[in-house]
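Numbering (the numbering used here), first residue to last: 12 to 252.
For each residue, glycine too, the CB sits at the ideal point set by N, CA and C.
The structure presented is a predicted model; accordingly, all values stated were derived computationally and were not measured.
Here is the structure we will look at, set down as structure tokens.
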């Protein structure tokens, strides 16, 4: 956790002895491999937490060790979800405002397009404008020591001016231009990353009415990438004069 350097949690560790005790008197290259290593989570750098995979090379010496690290970026690719229902809800204020919003689905890949529509069923307050935002919520810690961070990833004004009863407002939000990650739920019981669509209406007195709806984000395989299976071996080289 970035807010507490003492809370380092190691969920995967493999080691190999690369050389027996002795002297290195010239440039030396040593190959190694960690075949078929399961990497269950995607790499992630957030506000309060970092999930990283890395190679660590340790040269053990008599008085002090030399340590070198090289990060590895891991991405988790998913298949299209079998069930992906649309979202449809009615919200409002009694006898003042009644709207219905609809999104075409509840799960989106990171380069997807959110398509939806807002229906005004009852309007008795003077609305000035309406906006939609993508909110990222990062929760870290457990029990009473939970840190919650909200970050607005994107915000758009989708209506300017007062709507009338029966009016509908279309929504079309492209995700490809934003730095998003897949939804991550209860990773090692340490943290979660969730995304919400936040619909906000502002009246002429600057009062704000909002409704949040959670969506699930996932990463799909890019079509233009080579899908051939790559070797699971990972190589690194170090040199010492």
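query                                                                                                                           : result
Residues that DSSP places opposite residue 79 in a beta bridge                                                                  : 68
Option in 176, 184, 151, 177 with minimal Cα separation from residue 168                                                        : 184
Residue 86 vs residue 230 beta-carbon contact at 7 Å                                                                            : yes
Spatial neighbours of residue 139 in its chain, beta-carbon cut-off 7 Å, leaving aside the 5 residues before and after          : 213, 214, 215
Supposed close pair residue 96, residue 117 - CB separation, criterion 8 Å                                                      : 6 Å
Residue 82 versus 131, 62, 141, residue with shortest Cα-Cα distance                                                            : 62
Coarse secondary structure for residue 20, derived from DSSP in three states                                                    : coil
Cut-off 8 Å between Cβ atoms - residues of its own chain near residue 143, not counting five sequence neighbours on either side : 166, 167, 169, 182, 184, 208, 209, 210, 211
Collapsed DSSP secondary structure at residue 167 in the structure displayed                                                    : strand
Coil, strand or helix - residue 12 by DSSP                                                                                      : coil
Collapsed DSSP secondary structure at residue 244 in the structure displayed                                                    : With a pLDDT of only 41 at residue 244, under 50, the local geometry of the prediction cannot be trusted, and the value read off the model is given with reservation. Here residue 244 sits in coil by DSSP.
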